[in-house]
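J.: Heads up: take any position in the sequence shown, counting from 1, add 111, and you land on this note's numbering.
C-beta: ideal position from N, C-alpha, C; glycine also.
So that we are looking at the same thing, I have put the structure below in structure tokens.
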Amino acid sequence: MAAIAAMPDATADQVKLSRDEYRRAANALSPFKRILDAYLLQWFLPDNVVRTLPRGSSAADLMLEFIKSKEAERFFNSKRGRETDAAIDRLAGRDRTLAELILSAAEQRRFFHWELEFPEAFYTPRPDAEQHVEMMPNPGFDAVVGNPPYDVLSELENDVDLSGLEDFFDSAPTYQPALMGKNNLYKLFVCRSQTLAKDAGLIGMIVPMGILGNDQMVGLRRLFLQTGRLRSVDAFPQKDDPERRVFREAKLATCVFVYERLASSGSNDQPFVARQHPADQIDPTSPSVQLLGEDLEKYDPVNIAIVTASQTDWDLAVRIVNSHAIQKLGSVCRWYQGEINETVARQKGFLADSSANEVVRGAAVCLYAIRAASQGEDLFLNKQRYLRDANPGSKAFHHLHPRVVMQNAAPQNNFRRLIGAPLSAGHFCSYKLNYTIPPACSVQLAFVMALVNSKLADWFFRLGSASADVNHYQLDNLPCPRFCDLDPDDDRRASAFIEKALKPVGKLAIYQRHDERQLDRTSGWNGV
Numbered sequence: 112m113a114a115i116a117a118m119p120d121a122t123a124d125q126v127k128l129s130r131d132e133y134r135r136a137a138n139a140l141s142p143f144k145r146i147l148d149a150y151l152l153q154w155f156l157p158d159n160v161v162r163t164l165p166r167g168s169s170a171a172d173l174m175l176e177f178i179k180s181k182e183a184e185r186f187f188n189s190k191r192g193r194e195t196d197a198a199i200d201r202l203a204g205r206d207r208t209l210a211e212l213i214l215s216a217a218e219q220r221r222f223f224h225w226e227l228e229f230p231e232a233f234y235t236p237r238p239d240a241e242q243h244v245e246m247m248p249n250p251g252f253d254a255v256v257g258n259p260p261y262d263v264l265s266e267l268e269n270d271v272d273l274s275g276l277e278d279f280f281d282s283a284p285t286y287q288p289a290l291m292g293k294n295n296l297y298k299l300f301v302c303r304s305q306t307l308a309k310d311a312g313l314i315g316m317i318v319p320m321g322i323l324g325n326d327q328m329v330g331l332r333r334l335f336l337q338t339g340r341l342r343s344v345d346a347f348p349q350k351d352d353p354e355r356r357v358f359r360e361a362k363l364a365t366c367v368f369v370y371e372r373l374a375s376s377g378s379n380d381q382p383f384v385a386r387q388h389p390a391d392q393i394d395p396t397s398p399s400v401q402l403l404g405e406d407l408e409k410y411d412p413v414n415i416a417i418v419t420a421s422q423t424d425w426d427l428a429v430r431i432v433n434s435h436a437i438q439k440l441g442s443v444c445r446w447y448q449g450e451i452n453e454t455v456a457r458q459k460g461f462l463a464d465s466s467a468n469e470v471v472r473g474a475a476v477c478l479y480a481i482r483a484a485s486q487g488e489d490l491f492l493n494k495q496r497y498l499r500d501a502n503p504g505s506k507a508f509h510h511l512h513p514r515v516v517m518q519n520a521a522p523q524n525n526f527r528r529l530i531g532a533p534l535s536a537g538h539f540c541s542y543k544l545n546y547t548i549p550p551a552c553s554v555q556l557a558f559v560m561a562l563v564n565s566k567l568a569d570w571f572f573r574l575g576s577a578s579a580d581v582n583h584y585q586l587d588n589l590p591c592p593r594f595c596d597l598d599p600d601d602d603r604r605a606s607a608f609i610e611k612a613l614k615p616v617g618k619l620a621i622y623q624r625h626d627e628r629q630l631d632r633t634s635g636w637n638g639v
């Protein structure tokens with residue numbers, strides 16, 4: 112194969128010669144391909160064959176036994192066509208069935224064995240025997256470049272049986288980082304490329320921008336940090352303007368990453384550059400930031416989001432997460448998703464007419480206040496029916512507590528990404544809300560609400576957000592002051608100091624609050 116790659120193809124005769132040589136080499140590899148096809152068949156055996164397996168025996172045992180059997184040797188060594196047909200005719204019973212299944216599955220599933228399709232990238236001749244080869248000291252490709260498909264591997268959407276394929280992915284260590292949430296094909300391609308590149312080989316792909324921050328892609332980001340290092344990331348968030356987005360036919364934010372695969376553990380002490388471009392071109396003058404893997408893990412230990420921010424913003428964020436005076440909000444309060452899923456509640460008959468309890472939805476939440484929902488249809492709950500069989504310790508009874516509620520989705524171009532409001536006890540929440548309650552907080556709800564509605568929290572959140580979602584882990588990750596215990600005297604001295612400092616501007620601050628927000632003294636927020 113290496114010799115064929117070096118053959119000239121300038122004339123028709125040279126093309127014919129290289130084609131004939133390729134066929135000869137491919138035929139020589141045919142037995143090895145067929146053996147690997149047989150190995151893969153274990154995940155795609157029909158049920159009627161699996162049911163014939165002896166107790167305690169697996170499909171893998173069956174295929175290994177067949178590969179090693181003397182009866183199947185002629186089949187594995189035969190060339191395609193009549194020679195293979197003759198070899199199958201010599202087999203009987205289950206052996207014949209397996210041989211036929213191997214051929215049909217390989218054709219239908221299009222089994223592809225990289226090491227045999229491109230042996231020149233993985234093997235080298237042994238110095239002591241001209242006709243034998245061995246694995247290269249550093250096998251694989253120098254570079255893997257791709258624009259993988261973005262489709263979801265779904266039986267429902269594709270109207271096919273994917274059980275065998277999904278079982279294969281579940282059993283292969285190569286694909287484990289991709290198996291979180293939906294099986295987007297591009298995630299599987301990224302994982303596969305990591306095993307095809309040689310040590311110090313480069314991988315470059317254009318993929319959805321969600322790979323930078325979506326929680327379902329965290330396995331890929333961990334893969335980048337643990338098996339190599341990122342060299343660069345170029346993000347293209349524009350998706351609304353067809354003339355300026357990367358793919359005119361697809362309303363999708365994308366990014367291009369370049370990653371270096373390393374056989375040793377990941378090198379997080381070398382920075383990489385992340386840039387965010389306004390349109391579909393890589394512009395060297397676009398805002399960029401130098402990122403360290405270890406800083407990303409400190410900024411967001413759970414999700415390891417790759418930020419696309421200014422260097423000034425990122426340097427400040429790193430200082431914040433490295434400060435001993437700062438802790439994560441998740442260490443002082445726990446967040447929940449709203450208890451009422453409209454689809455489930457409708458199926459179970461929990462919804463009712465307007466005379467029942469109204470369910471608070473995301474459209475009803477604005478900064479510091481609950482209002483009439485700005486869009487969508489109102490939902491009403493039959494409280495008695497909903498609570499009749501509910502566990503007293505479940506979320507169903509969280510309505511007994513006051514809460515801080517937050518929208519769990521806000522467009523990336525929204526004036527605020529984090530929007531929280533107080534909700535009094537007695538109300539139910541749609542699953543489109545996040546919330547916390549006093550039993551889940553070691554600090555006051557009013558403090559939590561002030562923190563999540565602060566400009567600091569909104570700024571910090573935007574750095575690592577790659578979608579419109581506001582997830583629990585992102586709220587847990589917000590910076591929160593670390594409090595120390597004070598004795599009563601210390602507490603009084605601190606209060607007196609604060610009152611003295613605020614006295615000259617206190618009335619002015621309250622007046623401005625009333626003027627800007629048009630709040631009155633019945634609002635309950637005069638002292639904020």
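I want to know whether the region 474 to 492 touches the region 573 to 584 - three or more CB-CB distances under 8 Å.
T.: no
J.: So for T547, helix, strand or coil by DSSP?
T.: strand
J.: Can F186 and L202 be called in contact, C-beta distance under 9 Å?
T.: yes
J.: Tell me the residue span of the alpha helix (DSSP H) that contains Q337.
T.: V329 to T338
J.: Tell me the rounded alpha-carbon separation between S274 and G330.
T.: 22 Å
J.: If distances are taken between C-alpha atoms only, which option among D596, F594, R593 and A568 comes closest to Q585?
T.: A568
J.: So, do the region 408 to 427 and the region 522 to 536 have three or more beta carbon pairs nearer to each other than 8 Å?
T.: no
J.: Flag this pair as yes or no: are the beta carbons of A361 and H388 separated by less than 9 Å?
T.: no
J.: Starting from I213, follow the alpha helix (DSSP H) in both directions and report where the run begins and ends.
T.: Run containing I213: G204 to R220, per the alpha helix (DSSP H) assignment.
J.: Contact check, P319 vs A364 under 8 Å by CB: the rounded distance?
T.: 7 Å
J.: Enumerate, from N- to C-terminal direction, the unbroken beta strand (DSSP E) stretches of 3 or more residues contained entirely within the region 246 to 304.
T.: 252 to 257
J.: Is the Cβ-Cβ distance between A217 and L140 less than 9 Å?
T.: no
J.: Report buried or exposed for T396, applying the criterion of at least 16 other Cβ atoms within 10 angstroms of its Cβ.
T.: T396 comes out exposed.
J.: Smallest Cα separation from V563: which of V516, D580, P522 and C540?
T.: V516
J.: Using the C-alpha atoms, what's the distance from N295 back to V263?
T.: Distance from the CA of V263 to the CA of N295, rounded to the nearest whole angstrom, comes to 4 Å.
J.: How long is the line joining the alpha carbons of A308 and R220, rounded to whole angstroms?
T.: 24 Å
J.: Please return the same chain residues whose Cβ sits closer than 7 Å to the Cβ of E182, not counting the five positions on each side in sequence.
T.: L202 and D206
J.: Using the beta-carbon count (16 or more within 10 Å), is M328 buried or exposed?
T.: Buried is the call here.
J.: Hey, out of D391, Y497, S442 and F143, whose CA is closest to C591's CA?
T.: S442
J.: Alpha carbon to alpha carbon, how far is I437 from Y410?
T.: 12 Å
J.: Considering G531, what are the terminal residues of the beta strand (DSSP E) in which it resides?
T.: G531 to L534
J.: For W636 and A577, what's the separation of their Cα atoms in angstroms?
T.: Unreliable placement is indicated for W636, whose pLDDT of 38 sits below 50; the coordinate value is still reported in the next sentence. Looking at the two C-alpha atoms, the distance is approximately 33 Å.
J.: Threshold first: 3 residues or longer. Then list the beta strand (DSSP E) segments lying entirely within the region 444 to 496, N to C.
T.: Taking only runs of at least 3 residues, the beta strand (DSSP E) segments lying wholly in the region 444 to 496 are 468 to 471 and 490 to 492.
J.: On the CB-based measure, 16 or more other CB atoms within 10 Å of its CB, does Q518 come out buried or exposed?
T.: buried
J.: If you check the beta carbons only, do L440 and D587 fall under 9 Å apart?
T.: yes
J.: Applying the 10 Å Cβ sphere with the 16-neighbour rule, what's the burial state of F223?
T.: exposed
J.: Are the region 127 to 139 and the region 247 to 260 touching by the rule of at least three beta carbon pairs closer than 8 Å?
T.: In the pairwise beta carbon analysis, the region 127 to 139 is classified as not touching the region 247 to 260: fewer than three pairs are separated by under 8 Å.
J.: Where R628 and K459 are concerned, what is the direct C-alpha to C-alpha distance, given to the nearest angstrom?
T.: Residue confidence is low: R628 scores 41 on pLDDT, short of 50, so the model does not pin down where it sits. No coordinate-derived value is stated.
J.: Does DSSP classify G321 as helix, strand or coil?
T.: helix
J.: Sorted by chain position, which residues of the same chain lie with C-beta nearer than 7 Å to I115's C-beta, five sequence neighbours on each side aside?
T.: S129, E132, Y133 and A136
J.: Let me know if D631 comes out buried or exposed under the rule of 16 or more other beta-carbons within 10 Å of its beta-carbon.
T.: For D631, the predicted model reports a pLDDT of 40, less than 50, meaning its position is unreliable; a value from the coordinates is still stated below. The residue in question, D631, is exposed, as its Cβ has fewer than 16 Cβ neighbours within 10 Å.
J.: Which runs of the alpha helix (DSSP H) spanning at least 4 residues fall entirely within the region 364 to 429, listed in chain order?
T.: 404 to 410
J.: If you reduce the DSSP assignment to three classes, tell me which class F233 lands in.
T.: coil
J.: Which residues share a DSSP beta bridge with C595?
T.: Looking at the DSSP assignment, C595 forms no beta bridge with any residue, so it has no partner.
J.: Near P486, which residues of its chain fall below 6 Å by C-beta distance, leaving aside the five closest residues on each side in sequence?
T.: Here residue 486 turns out to be Gln, not Pro, going by the sequence shown. Closer than 6 Å at Cβ, skipping near neighbours: A474.
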